[in-house]
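Peer 1: What follows is a structure written as structure tokens; I'll ask about it next.
Numbering (the numbering used here), first residue to last: 282 to 502.
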């Protein structure tokens with residue numbers, strides 16, 4: 282790994298604050314930003330568009346191999362699939378659940394690996410996901426594992442979606458988050474686990490500003 286392009290890997294379950302924190306730190310340091318979850322969610326959109334079954338691993342790999350995806354990151358992440366802005370579509374709970382199912386396939390993860398590693402460019406990269414510090418960038422200079430209780434994570438997601446005018450159920454969101462946690466931690470390929478050398482940060486009782494400060498402290502040494 283080139284010292285000219287250091288990597289900060291931030292992993293953790295859905296709703297732990299990875300995206301918000303990662304974007305903020307990337308902006309502060311002037312680094313590139315990788316939202317690996319958006320890649321899998323975009324693939325889920327492409328799979329649905331091409332009418333491919335979520336049970337057809339081989340066909341999903343073919344879609345992944347031809348995925349034309351681009352990110353723009355200002356204050357918010359803009360995701361373009363074949364030039365079309367799909368940012369709002371990848372935020373849905375159904376898309377997240379489909380992405381979690383797709384991500385369980387080892388061959389799919391392998392197909393997307395080089396796309397993720399291509400984001401490592403000078404002056405540095407903040408990589409947000411579930412296996413950034415264990416599989417995608419195992420030699421990353423800095424590793425963080427963000428977590429929070431399922432209740433806190435569900436409440437955050439509920440407020441986020443309600444703020445966008447989306448009618449959702451807090452109970453259903455909590456149930457889906459917990460099911461996604463079970464699927465992500467139990468999968469045989471690149472399960473959601475804390476890297477041995479990652480710094481654990483429980484964000485349940487922390488403000489965004491407090492979490493950002495702690496992450497910056499880790500990177501600054």
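Glycine residues also receive a C-beta, built at the ideal position from the N, C-alpha and C atoms.
Quick one, are the C-beta atoms of residue 413 and residue 290 less than 7 angstroms apart?
Peer 2: Position 132 of the chain shown, counting from 1, holds the residue named residue 413. Position 9 of the chain shown, counting from 1, holds the residue named residue 290. Contact: yes.
Peer 1: Is the CB-CB distance between residue 462 and residue 316 below 7 angstroms?
Peer 2: Residue mapping note: residue 462 aligns to position 181 of the chain shown, counting from 1. Residue mapping note: residue 316 aligns to position 35 of the chain shown, counting from 1. No. Outside cutoff.
Peer 1: For residue 484, name the three-state secondary structure that DSSP assigns.
Peer 2: Within the chain shown, numbered from 1, the residue matching residue 484 stands at position 203. Residue state, collapsed to three classes: coil.
Peer 1: State yes or no: is the C-beta of residue 306 within less than 7 angstroms of the C-beta of residue 417?
Peer 2: In the chain shown, counting from the first residue as 1, residue 306 sits at position 25. In the chain shown, counting from the first residue as 1, residue 417 sits at position 136. No, they are not a contact pair.
Peer 1: Does chain B have any CB closer than 7 angstroms to the CB of residue 343?
Peer 2: Of the protein chains in the structure, only one exists, and it is not chain B.
Peer 1: Can you find at least 3 beta carbon pairs, one from the segment 319-334 and one from the segment 427-445, that sit closer than 8 angstroms?
Peer 2: The answer is no - the segment 427-445 does not touch the segment 319-334, with fewer than three Cβ pairs under 8 angstroms.
Peer 1: Going by the beta-carbon positions, is the gap between residue 390 and residue 471 smaller than 7 angstroms?
Peer 2: Counted from its first residue, the chain shown places residue 390 at position 109. Counted from its first residue, the chain shown places residue 471 at position 190. Yes. Within cutoff.
Peer 1: Quick one: which unbroken beta strand (DSSP E) runs of 3-plus residues sit fully inside the segment 385-435? Chain order, please.
Peer 2: The segment 385-435 contains these whole beta strand (DSSP E) runs: 406-410, 423-428.
Peer 1: Leaving out the 5 sequence neighbours to the left and right, which residues in its chain are closer than 8 angstroms to residue 298 when beta-carbon positions are compared?
Peer 2: For the purposes of this step, residue 298 is taken as residue 17 along the chain shown, with counting starting at 1. These residues qualify, in order along the chain: 427, 429, 437, 484, 489, 492.
Peer 1: Quick one: residues in its chain with C-beta nearer than 6 angstroms to the C-beta of residue 353, no 5 flanking neighbours on either side, listed in chain order?
Peer 2: If you number the chain shown from 1, residue 353 lands on position 72. Same-chain partners within the cutoff: 359.
Peer 1: Of all the beta strand (DSSP E) runs that stay within the bounds of the segment 308-379, which reach a length of 3 or more residues?
Peer 2: As far as the segment 308-379 is concerned, its whole beta strand (DSSP E) runs of at least 3 residues are 313-316, 350-354, 358-362.
Peer 1: Please state if the CB of residue 373 and the CB of residue 350 are separated by a distance shorter than 7 angstroms.
Peer 2: For the purposes of this step, residue 350 is identified with residue 69 of the chain shown, where counting begins at 1. For the purposes of this step, residue 373 is identified with residue 92 of the chain shown, where counting begins at 1. In this structure, residue 373 does not lie closer than 7 angstroms to residue 350 by Cβ.
Peer 1: According to DSSP, is residue 501 part of a helix, a strand, or is it coil?
Peer 2: If you number the chain shown from 1, residue 501 lands on position 220. Helix.
Peer 1: Can you look up residue 462 in the DSSP assignment and give me helix, strand or coil?
Peer 2: Residue numbering aside, residue 462 sits at position 181 when the chain shown is read from its first letter. Three-state DSSP puts residue 462 in a helix.
Peer 1: Nearest to residue 445 by alpha carbon, out of 369, 480, 310?
Peer 2: Taking the chain shown and counting its residues from 1, one reaches residue 445 at position 164. Of the candidates 369, 480, 310, the one whose C-alpha sits nearest the C-alpha of residue 445 is 369.
Peer 1: With distance defined between alpha-carbon atoms, name the residue in 469, 501, 473 nearest to residue 387.
Peer 2: Position 106 of the chain shown, counted from the start, is the residue given in the question as residue 387. Of 469, 501, 473, the residue nearest in Cα terms is 469.
Peer 1: Using DSSP with H/G/I as helix, E/B as strand and the rest coil, what is residue 473?
Peer 2: To locate residue 473, count along the chain shown from 1; it is residue 192. Here residue 473 sits in coil by DSSP.
Peer 1: Identify whether residue 449 lies in helix, strand or coil by the three-state DSSP scheme.
Peer 2: Locating residue 449 in the chain shown gives position 168, counting from the first residue. Coil at residue 449, not helix or strand.
Peer 1: Here's the rule: buried if 16 or more other CB atoms are within 10 angstroms of the residue's CB, otherwise exposed. What is residue 313?
Peer 2: Locating residue 313 in the chain shown gives position 32, where the first residue counts as 1. Buried, because 16 or more other Cβ atoms sit within 10 Å of the Cβ of residue 313.
Peer 1: Suppose contacts are defined by Cβ-Cβ distances below 7 angstroms. Is residue 384 in contact with residue 342 by that definition?
Peer 2: Translated into the one-based positions of the chain shown, residue 384 becomes position 103. Translated into the one-based positions of the chain shown, residue 342 becomes position 61. Not closer than 7 angstroms, so no.
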